[in-house]
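Notes follow once the structure below has been shown.
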Amino acid sequence: MPIVSTYALENTETYTQTISRSYTTTTVTYPQLCKSDKFAKSCQVFTNYYVSRFEHNYISYITNLQDFDSDDVLYIDKGLATQSITFEYRVIKKYNFATVIAHVAQEFENEHANFSEIFNFDLTTSKNIHFADLFENKELAAMICKNKVEDALSNANFTRLPLILAQIEVNPKNFLILPDGIEFLLSSGEIRKKNIKDRVFVSLDELQEAKPIKQWFPALQESN
Numbered sequence: 092m093p094i095v096s097t098y099a100l101e102n103t104e105t106y107t108q109t110i111s112r113s114y115t116t117t118t119v120t121y122p123q124l125c126k127s128d129k130f131a132k133s134c135q136v137f138t139n140y141y142v143s144r145f146e147h148n149y150i151s152y153i154t155n156l157q158d159f160d161s162d163d164v165l166y167i168d169k170g171l172a173t174q175s176i177t178f179e180y181r182v183i184k185k186y187n188f189a190t191v192i193a194h195v196a197q198e199f200e201n202e203h204a205n206f207s208e209i210f211n212f213d214l215t216t217s218k219n220i221h222f223a224d225l226f227e228n229k230e231l232a233a234m235i236c237k238n239k240v241e242d243a244l245s246n247a248n249f250t251r252l253p254l255i256l257a258q259i260e261v262n263p264k265n266f267l268i269l270p271d272g273i274e275f276l277l278s279s280g281e282i283r284k285k286n287i288k289d290r291v292f293v294s295l296d297e298l299q300e301a302k303p304i305k306q307w308f309p310a311l312q313e314s315n
């Protein structure tokens with residue numbers, strides 16, 4: 092029986108919290124495990140990161156719109172920007188790592204932004220697991236992944252494709268560590284508008300030449 096290319100959510104029950112800053116309001120939906128001693132700190136770290144980044148980015152945005160020749164240059168009245176975040180936690184205790192997926196929706200000044208970001212971290216050290224940690228030859232692995240994404244999107248007339256490919260080649264991000272490979276989440280409004288599949292899976296078979304590190308991939312461990 093083949094290994095399924097996914098991990099189940101740790102717990103589907105959720106709760107919400109609203110955080111207000113001077114110019115932004117963020118509503119966060121958490122899984123129940125964020126109330127546990129083991130994961131409360133990491134949930135708070137991710138929350139602080141997104142709340143602070145949104146506040147900083149919005150202040151920069153409205154400052155750039157400010158007319159500095161106006162008499163009321165110090166008065167900024169642009170209304171509150173809102174952000175909603177849903178955190179998903181996939182905890183893979185057997186292999187000692189967790190994956191956090193943050194689904195983010197932002198609204199400000201008649202603008203809308205929707206994106207998702209993925210973070211993988213070691214359960215023992217709490218350190219992020221980077222793409223370079225997964226392969227002995229990280230450069231070759233990145234090139235294989237770039238080529239796979241390029242093949243998947245080559246006929247989609249996707250204007251941001253060169254930027255995505257350059258990012259993957261230099262420093263791959265936004266990927267899930269799965270039992271038998273990795274899956275990239277291509278978070279872009281343009282992808283959604285064009286109804287393009289936003290996930291590209293790269294199997295361990297395709298990555299063998301880059302020498303995947305057995306610690307992170309159950310398929311390699313269970314094949315022995």
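With this note's numbering as the guide, the letters of the sequence shown map in order to residues 92 to 315.
Glycine is no exception: its CB is placed at the ideal position from the N, C-alpha and C atoms.
Since the model is a prediction, treat every value here as computed from it, not as a measurement.
Residue i and residue j: beta carbons closer than 8 Å?
i	j	result
threonine 115	tyrosine 149	yes
glutamate 227	asparagine 265	no
alanine 189	phenylalanine 206	no
valine 191	tyrosine 180	yes
glutamate 260	lysine 237	yes
threonine 118	threonine 105	no
leucine 277	valine 293	no
serine 143	serine 217	no
glutamine 197	phenylalanine 137	no
leucine 225	tryptophan 307	yes
leucine 244	isoleucine 287	yes
isoleucine 235	alanine 301	yes
phenylalanine 210	asparagine 219	yes
Could you give the distance in angstroms between the alpha-carbon of residue i and the alpha-carbon of residue j?
i	j	result
alanine 310	valine 240	22 Å
valine 182	isoleucine 268	11 Å
isoleucine 255	alanine 204	18 Å
glutamine 312	histidine 221	20 Å
glutamate 297	alanine 232	9 Å
proline 316	isoleucine 153	Outside the shown range of the chain, which is 92 to 315, sits residue 316, and nothing can be said about it.
serine 127	phenylalanine 275	29 Å
threonine 177	threonine 103	12 Å
threonine 250	aspartate 289	15 Å
glutamine 299	glutamine 123	37 Å
isoleucine 172	phenylalanine 199	Residue identity check: residue 172 is alanine in the sequence provided, not isoleucine. Distance between the alpha carbons of alanine 172 and phenylalanine 199 is about 5 Å.
leucine 295	leucine 156	48 Å
asparagine 262	lysine 185	27 Å
Could you tell me which residues DSSP pairs with residue i in its beta bridges?
i	result
aspartate 213	Phe188
alanine 193	Phe178, Glu208
threonine 173	Thr116, Glu198
asparagine 219	Phe212
threonine 105	Pro122
isoleucine 273	Ile268, Val293
histidine 203	Glu198
proline 303	Phe226
Helix, strand or coil, according to DSSP, for residue i in the structure here?
i	result
alanine 247	coil
glutamate 297	helix
isoleucine 183	strand
phenylalanine 130	coil
arginine 290	strand
threonine 120	strand
serine 111	strand
Do residue i and the ligand SAM come close, with the Cβ less than 7 Å from some heavy atom?
i	result
serine 278	The ligand SAM is absent from the structure shown, which contains no ligands of any kind.
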